[in-house]
Amino acid sequence: MEKNEMKHLLDRAKETQKNAYSPYSKFSVGAALLAKNGKIYVGCNVENSSFTPTCCAERVAVFSAVAYGQREFSAIAIVGDTTPCMPCGVCRQVLSEFCDNSMPIIFEGKDGEPQSISLGELLPHSFKL
Ligand code: THU
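Mapping of the sequence shown onto my numbering: residues 6 to 134, in sequence order.
Here it is, written out as structure tokens:
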């Protein structure tokens, strides 16, 4: 994936991070998921006073894309209040339902430059029914 495309996806994630509803953790996350049809589906974390119903930014993006009929994805960019912000274990499993092990997970390095790691590196030997 080209650096400019990675930057664009990170920008969309940053823009969405502003909408995070995170009054409890005060940690905002934004995600931008690129579908194979070229469209981008975004998500932010949405917390709840009962804590357990909280949903991560990545899952909001995946579930929204699926609701729009998309099931094939090329990349996801994630930004959080700390850099880099890596997807939690639950979100890795959700991504593995729809994405190949080779799918790049894009994040901002400490130098502010886009970097990527594959889903398979983050979740090797993932569960498949
Ligand atoms: N969070 C995400 O949105 N994505 C992750 O991959 C890690 C954690 C959210 C959940 C919660 O609202 C806050 O960050 C602190 O855990």
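Heads up, the beta-carbon is just placed ideally off N, CA and C, and yes, glycines get one too.
Those residues having their beta-carbon less than 7 Å away from any non-hydrogen atom of the ligand THU are, in chain order, S27, S30, F32, V34, N50, E52, T59, C61, A62, E63, I83, G85, C90, M91, P92, C93, C96. One alpha carbon belongs to Q120, the other to F132, and they sit about 26 Å apart. In this structure, DSSP gives S30 a state outside helix and strand, which the three-state scheme calls coil.
Per DSSP, the continuous beta strand (DSSP E) segment holding A80 begins and ends at 78-85. With respect to R64, A37 sits apart: the two C-beta atoms are not nearer than 7 Å. Of all alpha-carbon atoms in K23, V95, Y46, S79, the one lying nearest the alpha-carbon of T57 is that of V95. With a threshold of 16 other beta carbon atoms within 10 Å, S55 falls short and is exposed. Note on geometry: alpha-carbon atoms of H13 and G117 lie some 13 Å from one another. The residue among Q75, L128, F68, N106 with its C-alpha nearest the C-alpha of G48 is F68. Looking at the backbone, the Cα of T21 and that of G35 are separated by about 5 Å. DSSP, reduced to helix, strand and coil, places F132 outside both helices and strands of the structure shown, so it counts as coil. Ranked by Cα distance from I83, the options E10, R97, P92, R76 are led by P92.
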